[in-house]
Amino acid sequence: MHILDFNKLSLRDINKTLQGSDKNSSFSIRNPKGSHALAVGINKRITVKVVGSVGYYCAGMNKFSDIKVEGSAGPGLGENMMSGNIHVTGDVSQYAGASGHGGSILVDGNASSRCGISMKGVDIIVKGNVGHMSAFMAQKGNLVIFGDAGHALGDSIYEANIYVAGEVASLGADCIEKRMTKKHLSNLENILSNANVSDYNTDTFRRFGSARSLYNFDVDNAKIY
Amino acid sequence: MKKKSITEPRTSHTFDAYTNSEIRRAAETGIYDIRGGGSKRNLPNFDDLLFLGASISRYPLEGYRESCNTKVILGDRFSSNPLNLEIPITIAGMSFGALSAQAKEALGRGASLVGTSTTTGDGGMTKEERGHSKQLVYQLLPSRYGMNPDDLRKADAIEIVVGQGAKPGGGGMLLGQKINDRVAEMRTLPKGIDQRSPCRHPDWTGPDDMEIKILELREITGWKVPIFVKVAGSRPYYDVALAAKSGADVVVVDGMQGGTAATQEVFIENVGIPTLACVRPAVRALQELGLHRKVQLIVSGGIRNGADVAKALALGADAVSIGSAALIALGDNDPRYQKEYEKLGTTAGSFDDWHEGLDPAGITTQDKKLAKRLDPKLGGRRLANYLNVMTMEAQTIARACGKNDLRNLEPEDLCALTVESAAMAGVPLAGTNWIPGT
Numbered sequence: 000m001h002i003l004d005f006n007k008l009s010l011r012d013i014n015k016t017l018q019g020s021d022k023n024s025s026f027s028i029r030n031p032k033g034s035h036a037l038a039v040g041i042n043k044r045i046t047v048k049v050v051g052s053v054g055y056y057c058a059g060m061n062k063f064s065d066i067k068v069e070g071s072a073g074p075g076l077g078e079n080m081m082s083g084n085i086h087v088t089g090d091v092s093q094y095a096g097a098s099g100h101g102g103s104i105l106v107d108g109n110a111s112s113r114c115g116i117s118m119k120g121v122d123i124i125v126k127g128n129v130g131h132m133s134a135f136m137a138q139k140g141n142l143v144i145f146g147d148a149g150h151a152l153g154d155s156i157y158e159a160n161i162y163v164a165g166e167v168a169s170l171g172a173d174c175i176e177k178r179m180t181k182k183h184l185s186n187l188e189n190i191l192s193n194a195n196v197s198d199y200n201t202d203t204f205r206r207f208g209s210a211r212s213l214y215n216f217d218v219d220n221a222k223i224y
Numbered sequence: 000m001k002k003k004s005i006t007e008p009r010t011s012h013t014f015d016a017y018t019n020s021e022i023r024r025a026a027e028t029g030i031y032d033i034r035g036g037g038s039k040r041n042l043p044n045f046d047d048l049l050f051l052g053a054s055i056s057r058y059p060l061e062g063y064r065e066s067c068n069t070k071v072i073l074g075d076r077f078s079s080n081p082l083n084l085e086i087p088i089t090i091a092g093m094s095f096g097a098l099s100a101q102a103k104e105a106l107g108r109g110a111s112l113v114g115t116s117t118t119t120g121d122g123g124m125t126k127e128e129r130g131h132s133k134q135l136v137y138q139l140l141p142s143r144y145g146m147n148p149d150d151l152r153k154a155d156a157i158e159i160v161v162g163q164g165a166k167p168g169g170g171g172m173l174l175g176q177k178i179n180d181r182v183a184e185m186r187t188l189p190k191g192i193d194q195r196s197p198c199r200h201p202d203w204t205g206p207d208d209m210e211i212k213i214l215e216l217r218e219i220t221g222w223k224v225p226i227f228v229k230v231a232g233s234r235p236y237y238d239v240a241l242a243a244k245s246g247a248d249v250v251v252v253d254g255m256q257g258g259t260a261a262t263q264e265v266f267i268e269n270v271g272i273p274t275l276a277c278v279r280p281a282v283r284a285l286q287e288l289g290l291h292r293k294v295q296l297i298v299s300g301g302i303r304n305g306a307d308v309a310k311a312l313a314l315g316a317d318a319v320s321i322g323s324a325a326l327i328a329l330g331d332n333d334p335r336y337q338k339e340y341e342k343l344g345t346t347a348g349s350f351d352d353w354h355e356g357l358d359p360a361g362i363t364t365q366d367k368k369l370a371k372r373l374d375p376k377l378g379g380r381r382l383a384n385y386l387n388v389m390t391m392e393a394q395t396i397a398r399a400c401g402k403n404d405l406r407n408l409e410p411e412d413l414c415a416l417t418v419e420s421a422a423m424a425g426v427p428l429a430g431t432n433w434i435p436g437t
């Protein structure tokens, strides 16, 4: 385990070290002080533990890597990530997992608004609540919410799945509740199992997705647009 | 028998033939008109400016004997590998999806032949354009369709698209007719659906966030490649200042004559300001920050010839960018397809239903048979010829003004033909010392 300390190194030094490290290396980042753009653009199977809270875009655009934040994360956590895993033990701010193409994000606390916006294949698990407009224009992947969801959940959603165990304040345009089929139950179990989440009861979850009524323009839907 | 009127039928300026046809079309279809291209209005433009030329007070350079530099470096403020262009004319962002793969390849070939850059678009980077573009700018758009860190690292520059001149404040459109399997896969969306891209980025709002976004992109790419920020021409003074403050290496300002693959006609014609009106406020913003020439300014939107290039540079731009003109050079709206344009209810020169995917020239289409009509090698050669002609035209004007570098052209070399253009460009009305608004 290599220790990288913000009290001694710059952001550039730390990111350069992570991006250029050997496969299967492990790092512990100390004193992150809410730094932005930490552990981004990593393209290798490495393990990074951040001891403390981080700012914007932590673990953005990563592939393969395993990032754990022992603290909270600012906006844009794991934006456009392609694969690998992110685990945040605290809360996360807006746009977590925005446009993520793959991999998984696990948040032990709450996620703010627009969680999973434009997601394109990533799996996001939030053990607490999510804010308004979560899964806005979500294209692919899964958003699993153990707590409650804010207003306009899944607005203009495409082919992503949303699973919610708590209450939903309201659904956005073209997002509807769908039947929880065996296939989707199995999907939910796989997502949670892959993230090593065990303390759940799938019976409590409801599924939401696209009604697909806005996929092609229809003048009769003009009021919704 | 009724007596024949002795007066001519009087048509209305308010309800002219096009307006009436648009009212009928709206009543029939129930949907706004969607089309490609930029504004077709008769706007104040670079034609309203003239160069003064050298005489006794300044002397000219010899046309074919004294050199006139055309090279420009873009993005040397913070990046270690800026773009080194042979000419100050770049190819604007146009997506695979909106354009065929052959058209993207032709743009890359043409740009590379003359030593300039081309740009991706919504939907990501194709192997055709990367393979044939020596200098490729990768766009980061609100939709993030096809956004991939591997491609990001293959790019020679990154352009954060905040807005586009044809639709400031609006997102892109790619309608179902053009969403074939390859386009759908690159965008992670079902085949055949209407793709309406978001108008805002998913993970930031405002200039303070953008500064952090730029930091992230630099950290991902190791501070090697330049970061461009593209804004639509609406409030160029403030937008350029904010982009520069946020850490951009290059700012692109796109006026309302700039094209789009598809959006609402009402948007194209009624939102934004003409390119001519964008340049001086943008330059002033950089000058006041002490960043003119340090942060390079690219101007786009309706650039057509070397005179437009020279005028934009004289007003303070470092380079220009072309989109619609490049497509015309490839063969878009060519009269040889007149009969086919007529079948589509239009004419060569007026065709703008690019979103329907039926382009007879094989450029704005995903139809395999139509796309094959464009030979990428020949198209690339035509584009290179056109870019060379534009460059030589701009040099001709610069030498006549006594300048040995295109970027030595200055506002003092210009006068305006109309009060409006004099005010917008900040140059005197021809034959006077009067600059309206100063």
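Taken in order, these protein sequences are the chains called P and B.
Residue numbers for the first sequence follow numbering that gives the first Met the number 0, so the first one is 0 and each next one is one higher.
Residue numbers for the second sequence follow numbering that gives the first Met the number 0, so the first one is 0 and each next one is one higher.
Every residue gets a Cβ at the ideal spot worked out from N, C-alpha and C, and that includes glycine.
Remember, predicted model here, so these are calculated numbers, not experimental data.
Q: Answer yes or no: do Ser-94(B) and Gly-120(B) have a C-beta to C-beta separation smaller than 8 Å?
A: Within the second sequence, numbered from 1, the residue matching residue 94(B) stands at position 95. Within the second sequence, numbered from 1, the residue matching residue 120(B) stands at position 121. Yes, they are a contact pair.
Q | Rounded straight-line distance, which links the Cα of Leu-216(B) to that of Arg-380(B) | A | Taking the second sequence and counting its residues from 1, one reaches residue 380(B) at position 381. Taking the second sequence and counting its residues from 1, one reaches residue 216(B) at position 217. In this structure, the CA atom of Arg-380(B) is about 34 Å from the CA atom of Leu-216(B).
Q: Would you mind stating whether Glu-85(B) and Arg-398(B) have Cβ atoms separated by less than 8 Å?
A: Translated into the one-based positions of the second sequence, residue 85(B) becomes position 86. Translated into the one-based positions of the second sequence, residue 398(B) becomes position 399. No, Cβ-Cβ distance for Glu-85(B) and Arg-398(B) is not below 8 Å.
Q: Look at Gly-122(B) and Gly-96(B) and say whether their C-beta atoms are less than 8 Å apart.
A: Taking the first residue of the second sequence as 1, we reach residue 122(B) at position 123. Taking the first residue of the second sequence as 1, we reach residue 96(B) at position 97. In this structure, the beta-carbon distance from Gly-122(B) to Gly-96(B) falls below 8 Å.
**Q.** Integer Cβ distance of Ala-110(B) from Leu-373(B), believed to fall under 8 Å
**A.** Against the second sequence, residue 110(B) aligns to sequence position 111. Against the second sequence, residue 373(B) aligns to sequence position 374. That pair is no contact at about 16 Å.
Q) Can you tell which of Ile-327(B), Ile-267(B), Val-249(B) and Met-389(B) has the C-alpha that lies nearest to the C-alpha of Pro-359(B)? A) Taking the first residue of the second sequence as position 1, residue 359(B) is located at position 360. Considering only alpha carbons, the answer is Ile-327(B).
Q) Given that a residue counts as buried once 16 or more other Cβ atoms are within 10 Å of its Cβ, and exposed if not, what is Leu-377(B)? A) Position 378 of the second sequence holds residue 377(B). Result: exposed.
Q. For Ser-104(B), is the classification buried or exposed, using 16 other Cβ atoms within 10 angstroms of its Cβ as the cut-off for buried?
A. Numbered from 1 along the second sequence, position 105 holds the residue referred to as residue 104(B). In the sequence under discussion, the amino acid at residue 104(B) is Glu, which differs from the Ser named in the question. With 16 or more other Cβ atoms within 10 Å, it is buried.
Q: Verify whether the separation of the beta carbon atoms of Asp-4(P) and Asn-30(P) is less than 8 Å.
A: On the first sequence, residue 4(P) is found 5 positions in, with the first residue counted as 1. On the first sequence, residue 30(P) is found 31 positions in, with the first residue counted as 1. Yes, the Cβ-Cβ distance between Asp-4(P) and Asn-30(P) is below 8 Å.
**Q.** Spatially closest choice to Glu-355(B) from Ile-297(B), Ala-260(B), Gly-315(B) and Gln-256(B), by CA coordinates
**A.** Within the second sequence, residue 355(B) is the residue found at index 356, counting from 1. Distances from the CA of Glu-355(B) to each of Ile-297(B), Ala-260(B), Gly-315(B) and Gln-256(B) were compared; the closest alpha carbon is that of Ala-260(B).
(Q) Just to confirm before moving on: does the CB-CB distance between Met-154(P) and Gly-171(P) stay below 8 Å? (A) Working through the first sequence from its first residue, we reach residue 154(P) at position 155. Working through the first sequence from its first residue, we reach residue 171(P) at position 172. Rather than Met, the amino acid found at residue 154(P) in this sequence is Asp. The Cβ-Cβ distance between Asp-154(P) and Gly-171(P) falls below 8 Å.
Q.
Please classify Asn-189(P) as buried or exposed, where buried requires at least 16 neighbouring CB atoms within 10 angstroms.
A. Here the question's residue 189(P) lines up with position 190 in the first sequence. The residue in question, Asn-189(P), is exposed, as its Cβ has fewer than 16 Cβ neighbours within 10 Å.
Q: Flag this pair as yes or no: are the beta carbons of Leu-191(P) and Ile-124(P) separated by less than 8 Å?
A: Counted from its first residue, the first sequence places residue 191(P) at position 192. Counted from its first residue, the first sequence places residue 124(P) at position 125. In contact: Leu-191(P) and Ile-124(P) (Cβ atoms closer than 8 Å).
Q) Closest by CA to Lys-119(P), which one among Leu-106(B), Lys-166(B), Ser-78(B) and Tyr-144(B)? A) As a first step, residue 119(P) must be located in the first sequence, where it is residue number 120. Among Leu-106(B), Lys-166(B), Ser-78(B) and Tyr-144(B), the Cα nearest to that of Lys-119(P) is on Tyr-144(B).
Q. Of all the CB atoms in chain B, is at least one closer than 8 Å to the CB of Glu-158(P)?
A. Stepping through the first sequence from its first residue, residue 158(P) is reached at position 159. So yes, Glu-158(P) belongs to the interface.
Q | Beta carbon of Glu-69(P) nearer than 8 Å to that of Val-91(P) | A | The sequence position of residue 69(P) within the first sequence is 70, counting from 1. The sequence position of residue 91(P) within the first sequence is 92, counting from 1. For the pair Glu-69(P) and Val-91(P), the CB atoms are not nearer than the 8 Å cut-off.
(Q) Rounded to the nearest angstrom, what separates Val-160(B) and Leu-343(B) at their Cα positions? (A) Position 161 of the second sequence holds residue 160(B). Position 344 of the second sequence holds residue 343(B). Val-160(B) and Leu-343(B) have their C-alpha atoms some 32 Å from each other.
Q | For Asp-15(B), the three-state DSSP class (helix, strand or coil) | A | If you number the second sequence from 1, residue 15(B) lands on position 16. DSSP places Asp-15(B) in coil when its eight states are reduced to three.
Q: Within the same chain, show all residues whose beta-carbon is closer than 6 Å to that of Gly-436(B), passing over the 5 residues directly before and after it, in chain order.
A: Locating residue 436(B) in the second sequence gives position 437, counting from the first residue. Here the set comprises Ala-422.
Q) For Asn-68(B), which option in Ala-53(B), Ala-240(B), Leu-312(B) and Ala-281(B) has the closest C-alpha, if you only look at C-alpha atoms? A) Within the second sequence, residue 68(B) is the residue found at index 69, counting from 1. Cα-wise, what sits closest to Asn-68(B) is Leu-312(B).
Q.
Just to confirm my understanding: we take Gln-394(B), look at its own chain, exclude 5 residues before and 5 after, and list those with CB closer than 6 Å. What are they?
A. The residue given as residue 394(B) occupies position 395 in the second sequence. Only Cys-67 meet the Cβ criterion.
Q | Length at least 3, wholly inside the region 280-354 of chain B: the beta strand (DSSP E) runs in chain order | A | Within the region 280-354 of chain B, the runs of beta strand (DSSP E) at least 3 residues long that lie entirely inside it are, in chain order, 295-299 and 318-321.
Q: Please name the residue or residues paired with Arg-34(B) in a DSSP beta bridge.
A: Here residue 34(B) refers to the residue found at position 35 of the second sequence. In the DSSP assignment, the residues bridged to Arg-34(B) are Thr-262(B).
Q: Using a Cβ cut-off of 7 Å, pull out every chain P residue sitting near Arg-64(B), in sequence order please.
A: Counted from its first residue, the second sequence places residue 64(B) at position 65. Using a Cβ-Cβ cut-off of 7 Å, Arg-64(B) is close to nothing in chain P; its nearest Cβ partner there is about 49 Å away.
Q) Is Gly-305(B) closer than 8 Å to Ala-231(B) when the C-beta atoms are compared? A) Translated into positions along the second sequence, residue 231(B) becomes position 232. Translated into positions along the second sequence, residue 305(B) becomes position 306. Not in contact: Ala-231(B) and Gly-305(B) (Cβ atoms no closer than 8 Å).
(Q) Determine, for Ala-191(P), whether the minimum Cβ-Cβ distance to residues of chain B falls below 8 Å. (A) Counting from 1 along the first sequence, the entry for residue 191(P) is found at position 192. Note on identity: in this sequence residue 191(P) is Leu, with Ala being the wrong assignment. Cβ-Cβ to chain B under 8 Å: no for Leu-191(P).
Q) Between which two residues does the alpha helix (DSSP H) containing Thr-203(P) stretch? A) Here residue 203(P) corresponds to residue number 204 of the first sequence, with the count starting at 1. That residue, Thr-203(P), is in no alpha helix (DSSP H); it is neither H nor E in DSSP.
Q: Taking only runs that begin and end inside the region 226-280 of chain B, name each unbroken beta strand (DSSP E) of 3 or more residues, in chain order.
A: Counting whole runs of 3 or more residues, the region 226-280 of chain B contains the beta strand (DSSP E) stretches 226-231 and 249-253.
Q. Any beta-carbon of chain P closer than 8 Å to the one on Met-124(B)?
A. Within the second sequence, residue 124(B) is the residue found at index 125, counting from 1. With 8 Å as the cut-off, Met-124(B) does not count as an interface residue toward chain P.
Q | Beta-carbon proximity of Ala-194(P) to Ala-159(P), cut-off 8 Å | A | Position 195 of the first sequence holds residue 194(P). Position 160 of the first sequence holds residue 159(P). Annotated as distal: Ala-194(P) and Ala-159(P), with beta-carbon spacing of 8 Å or more.
Q) Mind listing which residues of the region 13-47 of chain P have their C-beta closer than 8 Å to chain B's C-betas, in chain order? A) Correct list: Asn-14, Lys-15, Gln-18, His-35, Ala-36, Val-39, Gly-40 and Asn-42.
Q) Can you tell which of Ala-429(B), Asp-331(B) and Glu-339(B) has its C-alpha closest to the C-alpha of Ser-99(B)? A) Numbered from 1 along the second sequence, position 100 holds the residue referred to as residue 99(B). Of the candidates Ala-429(B), Asp-331(B) and Glu-339(B), the one whose C-alpha sits nearest the C-alpha of Ser-99(B) is Asp-331(B).
Q: State the Cα-Cα distance for the pair Cys-174(P) and His-131(P), rounded to the nearest angstrom.
A: If you number the first sequence from 1, residue 174(P) lands on position 175. If you number the first sequence from 1, residue 131(P) lands on position 132. About 14 Å.
Q. Assuming Leu-188(B) and Ala-243(B) make a contact with CB atoms under 8 Å, what is their CB distance in whole Å?
A. Taking the second sequence and counting its residues from 1, the one referred to as residue 188(B) is at position 189. Taking the second sequence and counting its residues from 1, the one referred to as residue 243(B) is at position 244. 35 Å between Cβ atoms; not a contact.
Q) Taking Cβ-Cβ distances below 9 Å as the criterion, which residues of the region 164-176 of chain B are in contact with chain P? A) Cβ proximity to chain P below 9 Å picks out Leu-174 and Gly-175 from the region 164-176 of chain B.
Q) Measuring CA to CA, which of Ala-38(P), Val-39(P) and Phe-207(P) is closest to Ser-133(P)? A) Position 134 of the first sequence, counted from the start, is the residue given in the question as residue 133(P). Measuring from the Cα of Ser-133(P), the nearest candidate turns out to be Phe-207(P).
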